[in-house]
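**Q** Dropping a structure here in C-alpha cells format, bear with me for questions.
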Amino acid sequence: MPRYPYERVEDPDLARCPVVGLEVDSTGHRSDWHCHRRAQLLYMAAGSVTLYFAERICQLTPLQAAWLPAGVPHRTVLHGRFAYRSLYFEPSAFAELPDSVQVLEVGPLLRELILRMTGWAADLQLEGRHLTLLRALFDELASAPAHAASLPMPRDARALKVAEALLAQPALGWSIEAWGREVGASGRTLARLFTEQTGLGFSRWRTQARLFEARRRLAEGRSVTEVAHALGYASDSAFIAMYRRVCGQSPGRALRGLE
1 MPRYPYERVE DPDLARCPVV GLEVDSTGHR SDWHCHRRAQ LLYMAAGSVT LYFAERICQL
61 TPLQAAWLPA GVPHRTVLHG RFAYRSLYFE PSAFAELPDS VQVLEVGPLL RELILRMTGW
121 AADLQLEGRH LTLLRALFDE LASAPAHAAS LPMPRDARAL KVAEALLAQP ALGWSIEAWG
181 REVGASGRTL ARLFTEQTGL GFSRWRTQAR LFEARRRLAE GRSVTEVAHA LGYASDSAFI
241 AMYRRVCGQS PGRALRGLE
C-alpha cells in the first residue's frame, strides 16, 4: 500500500489480500482505544511509540517490532517524527499465529521482509513467491529475540492516576505519602496497590517508568545530559549509574545502538 500521512490512513481490516501493509511517516500522533480484526506486526523504522494495553504498556524504539494478536484493545502514542511499517494478517488465512503481545528485536532479514511486504497492494493475489516470503517472515518472527520492554500498570483508579502522572512527568520526585494525599489514599495503601497489581514496589515502578522515558528520548537523539535533566536526576553520573544498574549498559552505549 502507498505511504500515508496519518489523516489518510486506510483501514487494513477491509483489504482483500490476507496480508496487507501500511507505511506511515508523520509527526506526533495519539490514537484512541481500538482493536483490529486482523493480527498486526508493528515495526518502528524511525522514532518511538508507546503502546498502551489494559494492564501494561510497551515501548518500541527503532529496530524493534510488536506483535499484536487480533482483537487486542490498545492505544498508541507516537512521539516526535516517526516512520512505522505495519503488516496486518487475516487470522482465518494463517494457522497458528502468535496469541500474545510480544516485543521483538528486528534483524536485517526480518526488516527487509517487512519493508518488502508493506509495499504489496491491498488487492494482491498471493502467488508462490509471496508465500515463500511469508514463510520466511514467520520463521524470522519465531526466532527473533524477545525484548522485555513492558511496564505493568495498576488497575485501581487511585494508583493508576499516580502511574499516569509519573509517565507524563517522570521528573516528579514526590514521596508516596505525598501522592497519597493527592489521590485520596494513604501512602501505605498506594504501596500495597503497586506491589499487588504490578508486581513492583512503588520506587522500582517509578524507576522503570523513568527508563521508559529515557529510552524514548535517547531514540530521538537527545544527549545523555538532556535526558538526565529531563528525568530529574541531579547529575549525569547519577542517571548513568541508575541506567547501568538496571539495564546492564550505559545510556551512551544504548544510544549508539539506536543509531
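Using the UniProt record's numbering, read the sequence shown as starting at 1 and increasing by one per residue. Heads up, the beta-carbon is just placed ideally off N, CA and C, and yes, glycines get one too. Predicted model only: the values in this text are computed from it and were never measured.
Helix, strand or coil: how does DSSP classify residue 12 here?
**A** helix
**Q** Determine the direct distance from the alpha carbon of residue 48 to that of residue 109, and round the result to whole angstroms.
**A** 21 Å
**Q** Nearest by alpha-carbon distance to residue 247: which of 194, 217, 236 and 211 is it?
**A** Closest option to residue 247, Cα to Cα, is 211.
**Q** Between which two residues does the alpha helix (DSSP H) containing residue 197 stretch?
**A** 187 to 198
**Q** Since I believe residue 104 is in contact with residue 141 (beta carbons under 8 Å), could you give me their beta-carbon distance rounded to a whole number of angstroms?
**A** 7 Å
**Q** Can you tell me the Cα-Cα spacing of residue 3 and residue 53, whole angstroms?
**A** Because the pLDDT of residue 3 is 45, which lies under 50, any placement of that residue in the model is unreliable, and the number read from its coordinates should be weighed accordingly. One C-alpha to the other measures close to 27 Å.
**Q** Closest to residue 216 by CA distance: which of 46, 13 and 154 is it?
**A** 46
**Q** Which partner residues does residue 67 have in the DSSP bridge list?
**A** DSSP links residue 67 through a beta bridge to 41 and 102.
**Q** Taking the alpha-carbon positions, what's the residue 265 to residue 18 distance?
**A** This structure gives no information on residue 265, because the portion of the chain shown stretches from 1 to 259.
**Q** Within 10 angstroms of the Cβ of residue 186, are there 16 or more other Cβ atoms? Answer buried if so, exposed if not.
**A** exposed
**Q** Any idea what DSSP makes of residue 211, helix, strand or coil?
**A** Residue state, collapsed to three classes: helix.
**Q** Which term fits residue 14, buried or exposed, when burial requires 16 or more other beta carbons within 10 angstroms of its beta carbon?
**A** Residue 14 should be labelled exposed.
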